[in-house]
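Notes follow the structure.
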Amino acid sequence: MFITHMQQSITALHPTQTIIRLSADRLERQSTLMAMKDQKLNDAKRFISEWSRDLDTNLSFSQENQFESLDGGFSVIRFDNAPMHGTTVKAAFDAVVHSMQNVDILISELFGSITIREDTNFDASDIYQMRLVSTTTHGAVVESNSVIFSEYVESPSGSYAIIAGDFVDEDKLYPYRTNERVRRNTLTVVMIKSAKSSYGQDVVVGTRWTCLNLAHTQLDIPMNGLKELKEVSMAWGDTIKKAILERLAKSDQ
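1 is the number of the first residue of the sequence shown in UniProt numbering; add one for each residue after it.
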């Protein structure tokens with residue numbers, strides 16, 4: 001019953017997902033994304049707060065579920081919570097954003113091949129659109145089109161940062177090529193906040209929820225190729241987490 005619920009939630013509109021349709025006009029594209037930023041971040045904040053409501057955020061925690069969705073695709077849902085000592089909310093926020101914006105390098109390392117990144121011309125640092133095209137070692141081509149919204153807030157009660165990543169449903173300027181490529185959709189919510197440890201020490205807590213979905217495809221991909229796509233999807237969460245922690249370690253040196 002749990003798996004059935006998870007399968008249905010993947011194929012339906014998720015609370016953190018917004019239908020994103022972008023026109024071919026660049027100014028209109030920017031206006032569309034800017035108009036939805038506040039709502040995206042507010043929805044993400046409510047979602048991650050509810051998801052982690054009964055969790056002791058001072059403890060490290062990780063949970064992952066993999067399953068085939070009802071439409072024949074493959075999905076991975078991962079939830080992580082990690083207390084980080086000796087850093088700041090701003091440093092952790094910068095590390096997360098940097099890793100997400102340089103995800104093409106991480107994908108290339110996972111696939112063992114080249115990933116091409118095509119960014120849109122958008123000046124706002126808190127809204128970032130990124131298109132990626134990757135080729136696996138077995139010749140399968142995977143494409144994604146994502147938007148990352150982010151915000152860092154300082155307040156007397158403690159600073160925090162919220163990051164929301166969503167996929168573009170329809171892009172008139174860069175349409176999906178499903179007759180040639182496997183489509184990968186990713187939803188991500190990251191909350192970073194200051195807290196007190198059980199010993200009364202200052203600690204930064206990072207909480208992340210991610211849903212990655214490989215869409216069902218009619219392409220003639222060998223079994224080894226499909227297996228590789230699934231293995232990369234399952235390794236994705238650990239790879240991003242490792243990159244964030246490595247960047248934080250470098251910034252502390």
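The beta carbon of each residue, even a glycine, is placed where N, CA and C say it ideally should be. All values derive from a computational prediction rather than experimental measurement.
Would you grab the beta carbon distance between residue i and residue j for me? Rounded to a whole angstrom, and I think it's under 8 Å.
i	j	result
residue 165	residue 187	7 Å
residue 228	residue 138	6 Å
residue 243	residue 106	6 Å
residue 103	residue 234	Going by Cβ atoms, the distance from residue 103 to residue 234 rounds to 16 Å, so no, they are not a contact pair.
residue 182	residue 219	7 Å
residue 225	residue 136	6 Å
residue 153	residue 127	Their Cβ separation, rounded to whole angstroms, is 16 Å, which puts residue 153 and residue 127 out of contact at 8 Å.
How is residue i classed by DSSP in three states: helix, strand or coil?
i	result
residue 132	strand
residue 10	Model confidence at residue 10 stands at a pLDDT of 45, short of 50, so the residue's coordinates are unreliable; what they give is reported in the following sentence. Helix.
residue 213	strand
residue 137	coil
residue 205	strand
residue 26	helix
residue 96	helix
residue 180	coil
residue 4	Low confidence applies here, because residue 4 scores a pLDDT of 43, under 50, leaving its location unreliable; read the following figure in that light. Looking at residue 4 - three-state DSSP - the assignment turns out to be helix.
residue 117	strand
residue 21	strand
residue 171	strand
residue 250	helix
Would you kindly report the start and end of the unbroken beta strand (DSSP E) that includes residue i?
i	result
residue 146	141–153
residue 80	74–84
residue 66	61–68
Relative to the C-alpha of residue i, which residue among the options is closest?
i	options	result
residue 65	169, 59, 55, 79	79
residue 144	204, 203, 215	215
residue 195	49, 108, 159, 46	159
residue 90	207, 193, 54	193
residue 201	87, 217, 48	87
residue 41	26, 30, 17, 62	17
residue 125	156, 208, 30, 167	30
residue 46	190, 21, 35	190
residue 221	26, 53, 81, 142	142
residue 34	223, 100, 151	151
residue 96	26, 199, 240	240
residue 205	170, 161, 118, 167	161
residue 130	71, 184, 156, 249	184
For residue i, which beta-bridge partners are listed by DSSP?
i	result
residue 165	148, 188
residue 125	For residue 125, which the question treats as bridged, DSSP gives no partner whatsoever.
residue 195	203
Taking 9 Å as the threshold (beta carbon to beta carbon), is residue i in contact with chain C?
i	result
residue 200	Protein chains in the displayed structure number just one, and chain C is not present.
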